[in-house]
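Residue numbers (full-length UniProt numbering): 1 to 389.
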């Protein structure tokens, strides 16, 4: 609330400063009309108006009440000097009448904007308004002229008071709404982060525990017993550390390490993927670049998605060999994973299949990449992975 009130007061001070200085400049221009005001009176009036402008400027900077009083007193002195010192007993000319109107309504009335924010200031506002109207009325009676300056003074003070009241009421409401929108945005972001974490956890389980359980369900056929034992041990340690609040950090497909949140892992080369699947009985023929120069987070997602594709080849294709072709251009790195296995009908794959949708497609999209899948029964399968550099 303190910040809201501070912003409200700052806006009211700027309104007062701008309106007051505009009124002072306009009053000086009226006074400088040739032959409108006598020499000595003219100099005194201009000095008073300049003093009033100084008070208006300082009022806009600080908001102190002493500058409100200074502005009003110098304005009253200027009006009295024009009314009683220029042509005593004679009617005011147009320039004098205009100067009085502008000083009373604009230059002095501008202070009303900062006097509507509390009961004490409203009392001061009423006192200053009454004094201004009284002085303008006295000048109109002493120097026979129209009542236009009186009407304009009353209108200026009333309009500025209403503007200040509207701003003082509107600014807190607007800032409250902005704060509510900010809270809603933070809640939505938190929900998105939770959903992202849930999906990351699902990918983690799929790439580690579920893959190991699948091997065990098939009695580890085609897999070196030592490799299977090592993978099961890694998964067991991972789950144990997760229960203690560890942070899973991907190192290669199917293998995660646990590191503090303040640390970050470096990207791995394609060699780590080749070695893992070589131990698992899948021979991978590499074509193109053997190293991929990418940001660490992009490279991790790229290698994990690639590893998941090779895992699918090992588990589902019915063959023991796959080809991986790495290409790149100025903006994109691509990997094409091809096997000559049994293939499948894309239309018969259910949406509940987590592996490709989450561990490949969603993982790449999280870093701005994409994945495309091509397959048909009896013709093998090809997956194209793309990530930005």
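Glycine is no exception: its CB is placed at the ideal position from the N, C-alpha and C atoms. Since we're looking at a predicted model, the values are computed, not measured.
query, result
"DSSP on residue 331, reduced to helix/strand/coil?", "coil"
"Contact between the stretch 369-378 and the stretch 316-324: three or more CB pairs below 8 angstroms?", "no"
"Once the 5 residues before and after residue 136 are set aside, which same chain residues still bring their CB inside 6 angstroms of it?", "104, 149, 150 and 153"
"Expressed to the nearest angstrom, what Euclidean distance is found between the alpha-carbon atoms of residue 360 and residue 302?", "9 angstroms"
"Where does residue 367 sit, in a helix, a strand or coil, going by DSSP?", "coil"
"Output yes or no for whether 9 angstroms exceeds the beta carbon distance between residue 16 and residue 56.", "yes"
"Please name the residue, chosen from 381, 225, 287 and 330, that lies closest to residue 279 on a Cα-to-Cα basis.", "225"
"Cβ atoms of residue 73 and residue 83: under 9 angstroms apart, would you say?", "no"
"So, with DSSP's three-state summary, where would you put residue 25?", "helix"
"To the nearest angstrom, report how far apart residue 167 and residue 63 are at their CA atoms.", "16 angstroms"
"Between the C-alpha atoms of residue 190 and residue 295, what's the straight-line distance to the nearest angstrom?", "26 angstroms"
"Considering only the beta carbon of each residue, do residue 102 and residue 139 sit closer than 9 angstroms?", "no"
"Less than 7 angstroms between C-beta atoms, sequence neighbours within five positions excluded: which residues of the same chain meet that for residue 36?", "93, 95 and 96"
"Does residue 329 pass the burial test, meaning 16 or more other C-beta atoms within 10 Å, or should it be called exposed?", "exposed"
"The beta strand (DSSP E) that contains residue 139, what's its start and end?", "That residue, residue 139, is in no beta strand (DSSP E); its alpha helix (DSSP H) goes 119-142."
"Kindly list the residues whose CB is nearer than 8 angstroms to the CB of residue 171, restricted to its own chain and excluding five residues on each side of it in sequence; keep chain order.", "4, 7, 8 and 11"
"Within 10 angstroms of its Cβ, does residue 164 collect 16 or more other Cβ (buried), or is it exposed?", "buried"
"Taking residue 159 as the reference, which of 309, 198 and 19 has the closest Cα?", "19"
"With burial defined as no fewer than 16 other Cβ atoms inside 10 Å of the residue's Cβ, what is the status of residue 281: buried or exposed?", "exposed"
"Tell me whether the beta-carbon of residue 376 lies closer than 9 angstroms to the beta-carbon of residue 339.", "no"
"With distances taken from CA atoms, which of 75, 40 and 327 is nearest residue 132?", "75"
"Would residue 378 be called buried (16 or more neighbouring beta carbons within 10 Å of its own) or exposed?", "exposed"
"Do residue 14 and residue 54 have their C-beta atoms within less than 9 angstroms of each other?", "no"
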